[in-house]
Amino acid sequence: MGMFLPMVFTHAAVLPVIPYPQFVKEGKDNVSMPVKLLLTGKDSAMQARLLRHWQLPAASGPQEAISLYIISGNATINALVRRYAQNNIEKIGKEGYILVINHQHRFIAANDEVGLFYGLQTLRQLTGAHWKTAVTIIDWPDFPARVVFDDISRGPISTVDYIKKQIQRLAELKVNYLSFYIEHVVQPLSHPDFAPADGKLTIRQIRELSDYAADYHMQLVGNFQSFGHFEKILALPQYRHMGESAMLISPLDDSARIFLKDVIGELCDAFSAPWFNVNCDETFGIDKGRSAKYVDSVGIPKFYAGFLQLLYDVVKQHGKKMMMWGDMALKHTEILDLLPRDIMYLSWEYGDQANFDQWIKPFARRGLQYMVCPGIVNSYRMFPDMIMAKKNIGGFIKQGRESGAAGVFTTVWDDGGTYLFDADWYGVYLAADKSWNTGADGFDLRFENVAYGTYNGNYVNALFTLMQLREQPVTYNLNDQLWKQQIVPDSGKQMILNNNSIAEALHIVRIATSLSHRAVPALHPEDLAAMQLVIHQYELMLRTRQVMVDPDMSTDSLVAAYKATAETFRKLWLNENQPYWLDTVLHSWSQKVKELQELPARRKDIIPTTSFYFTNWLLCGNLPSIDGMDKALQPSPGDVYIYDGNKYRWQKFAATNGGIIDLEEKYLPSVVYAYCQLQTDSARVVDAWLTAGDSTVLYCNGHEVKTVQNPVQLPLHTGINHILIRSTGNRRRFTFRLRDDLVITNHKHKYQINSKTNRYEVD
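This is the structure we're talking about:
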């Protein structure tokens, strides 16, 4: 196991500023940082705003002052500024600034108030870090639009107070737009009945937040999911008739169109930014809904583009420019030629890619406006994969700048609904750094000082020690399935338990625990608390798996620990979020306690094993016949199979019992198909064990594999192989594994064998 080598941090090793300035020249003189502002000019309102934002730092030591200048017709000021900025003065634009601190001069100069504000943020960080060296900084952003986008629709929905804290913190990082992913958690006046009572933003609150953000030179980008991912609203009886399917609103339904015009119109007027994001991503089954015949007659591109034109017109009527996710247009590029050219496309990809051409070039070569959208992905993880995020953010933003992207739209996703935004700040700071200055280096050395007022390195070292868990089979990819595993099987049934990498994972957790306890942040201690919660949660899960098979180990201390940690989680949640969804999350904690209390009587039903069983599949069931299904198909989650006029959907499935796939629990007596992918670096024939009923059939890459007795011979080719199991008859449960000497890892239904390079999946 390759262990993380802790980074050695030294006091003020690099300029402690995030984002890192474009031009820095350090002098030799020792200076004291100014703590008082001297404002010039006649704009008293601007002066009052700047003074108000400067009240946060605590003044100590000599009361040095710094002058703030708006570059204008004053020849003396202009000459002074040009003396330091020289040719770079032409680059600073509206948001840039010049900051000079030495024995002779102390000033910040800018063309606009926002530049002075950003200069003050740099000064704030230098002052907080007790910087003592003369310095000249000339600074400007690489991108005019620097957006952070927070998912508030999958569970956690922030309080107004927490959003204000986000605004304050993001403004210090020179982020100038904040947006939220909104499916159902707003309450428009026209349709007030779809928002959860205990988790929503009202129109009044959105206006309040827009005004608050303006004081920090930030705008809020409006958002409403307007096509796919509509299941939460469509689940309500009064809106069910608007559905194209259970997931999609119907573009041809008159009431659906009126609904969207009403809601989008209100939100356009409440949010302050010039753009409005209608989303319209991942419209799975767009050609399989109630308008299928019409879609078939005109084609998906025209059907999709026609509906987007309607949304475009609504947004334009309210004085906004439309944003939309770019994935459907990339899948059907004809869409790009059917829609107005002033749409802002949001091209998203969250993985560590060798290059991002396929997410950039289709927009760039048409001369369309687009932003690159890197990601900090919590979704279905215990903690966001910051190794993946770091590579994704750096690579995507760099290539976006080289290719003419209009901005950076950094996303934070919360699919699964159990996450704290305070765990995301490392990635957010990194994205802010790269969005302003794509060439910035030495981030980790600056991060702890700027974010936490420390130089000890222990937060970063604890974080990347925690990241080592993504390499261990039991905690692979940091996915949350470890948390979802049962402690005891369902009544009358058995479960499988593989503890092969428990010792290694616990070792990592204990190192991370020790480092985190030594972090001692002076600022934002809630970030550390969020990470420590997850570290402790991992320890509880791993210890629980040991107790499950050891009758000599008591469950009492674990029960107490789960209860105490659940209470910690509850408090941290309410520090950020409204009560909505909290009971759902806490139920999983109380369920752990309940199962631990039942464990002594149920250990006999837990089967220890050293074998790796396949737990994740795509399932398609309740089929009346074995005829028709293509045995070489390669389904994706949400794909629809049509048989005899009826629709059958491929759904994700993850066994929580160690790998016993019990289809009887999920489907009526019928034909059921289970599918997974299996990647290998070389062609080979491997032994596989399929334990199932006599009528079960195994296919590999479209060909039936003989299963007279175990082990069966599974012929694999280099790359991705497609495994399909058909189950019929009365005994509709199975287990599937390969021989034990193979190292197998997976993310969801995608498995890999003995990979030379582990593939860490985003989704």
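In the working numbering, the protein residues as written are 1317 to 2079.
The beta carbon of each residue, even a glycine, is placed where N, CA and C say it ideally should be.
Remember, it's a predicted structure, so these values are computed and weren't measured experimentally.
Check                                                                                                                         : Outcome
For tyrosine 1929, the nearest candidate out of Cys1936, Gln1950, Ala1971 and Gly1711 (CA to CA)                              : Ala1971
CA-to-CA distance, asparagine 2070 to isoleucine 2060, given in whole angstroms                                               : 6 Å
Whole runs of the alpha helix (DSSP H) within the stretch 1799-1881, excluding any shorter than 4 residues                    : 1818-1833 and 1841-1864
Distance CB(histidine 2065)-CB(cysteine 1992) smaller than 9 Å                                                                : yes
Beta-bridge pairing of tyrosine 1929 - partner residues as DSSP gives them                                                    : Arg2053
Residues that DSSP places opposite aspartate 1978 in a beta bridge                                                            : Arg2049
Three-state class that DSSP yields for leucine 1684 in the structure shown                                                    : coil
Contact belief for tryptophan 1447 with lysine 1407 at Cβ below 8 Å, rounded distance in angstroms                            : About 24 Å; that fails the 8 Å criterion.
Alpha-carbon spacing of tyrosine 1336 relative to isoleucine 1483, whole angstroms                                            : 20 Å
DSSP three-state assignment for histidine 2038, whether helix, strand or coil                                                 : strand
Residue interval of the alpha helix (DSSP H) (run including arginine 1520)                                                    : 1519-1530
Cβ-Cβ separation, isoleucine 1414 to valine 1397 (assumed contact under 8 Å), whole Å                                         : 6 Å
Glutamate 1892 beta carbon less than 9 Å from that of serine 1571                                                             : no
Neighbourhood of alanine 1586 by C-beta distance below 6 Å, restricted to the same chain and skipping five residues each side : Ile1519, Ile1522 and Arg1523
Proline 1373 versus glycine 1444 - alpha carbon distance                                                                      : Note that proline 1373 has pLDDT 49, beneath the 50 cutoff, so the model's placement of it is unreliable and no number is given.
Segment contact flag, the stretch 1826-1837 with the stretch 1991-2007, C-beta cutoff 8 Å, min 3 pairs                        : no
N- and C-terminal bounds of the beta strand (DSSP E) containing valine 2149                                                   : An answer regarding residue 2149 cannot be provided, because it is not within the stretch 1317 to 2079 covered by the chain.
For asparagine 1403, the residue or residues it bridges with in DSSP                                                          : Partner(s): none; asparagine 1403 has no beta bridge.
Distance between alanine 1645 and threonine 1599 (C-alpha atoms, nearest Å)                                                   : 11 Å
Same chain only: Cβ atoms within 7 Å of aspartate 1730, ignoring 5 sequence neighbours per side                               : Asp1467, Arg1470, Gly1471, Pro1472, Asn1694 and Ser1695
Residue of Ala1511, Ala1882, Leu1564 and Leu1505 minimising C-alpha distance to glycine 1498                                  : Residue 1498 is actually isoleucine in this sequence, not glycine. Ranking the options by Cα distance to isoleucine 1498, first place goes to Ala1511.
Proximity of tryptophan 1966 and aspartate 1978 at Cβ, strictly below 9 Å                                                     : no
CB of isoleucine 1818 within 9 Å of CB of leucine 1849, strictly                                                              : no
Selection from Met1847, Ile1923, Thr1770 and Leu1890 that minimises the alpha carbon distance to tryptophan 1866              : For the record, residue 1866 in the displayed sequence is aspartate; it is not tryptophan. It is Ile1923 whose Cα lies nearest to the Cα of aspartate 1866.
Three-state secondary structure assigned by DSSP to proline 1373                                                              : Because the pLDDT of proline 1373 is 49, which lies under 50, any placement of that residue in the model is unreliable, and the number read from its coordinates should be weighed accordingly. Coil, per DSSP.
Span of the alpha helix (DSSP H), counted from its first residue to its last, around methionine 1639                          : Here methionine 1639 belongs to no alpha helix (DSSP H); instead the beta strand (DSSP E) covers 1637-1641.
Beta-carbon proximity of leucine 1822 to arginine 1697, cut-off 9 Å                                                           : no
Supposed close pair lysine 1947, glycine 2018 - CB separation, criterion 8 Å                                                  : 5 Å
Alpha-carbon spacing of alanine 1530 relative to lysine 1410, whole angstroms                                                 : 16 Å
Contact the stretch 1837-1846 vs the stretch 1767-1779: 3+ CB pairs below 8 Å                                                 : yes
Cα-Cα separation, lysine 1636 to phenylalanine 1679                                                                           : 21 Å
Of the residues Arg2049, Pro1985, Ile2039 and Arg1826, the one placed nearest aspartate 2010, counting alpha carbons only     : Arg2049
DSSP three-state assignment for glycine 1937, whether helix, strand or coil                                                   : strand
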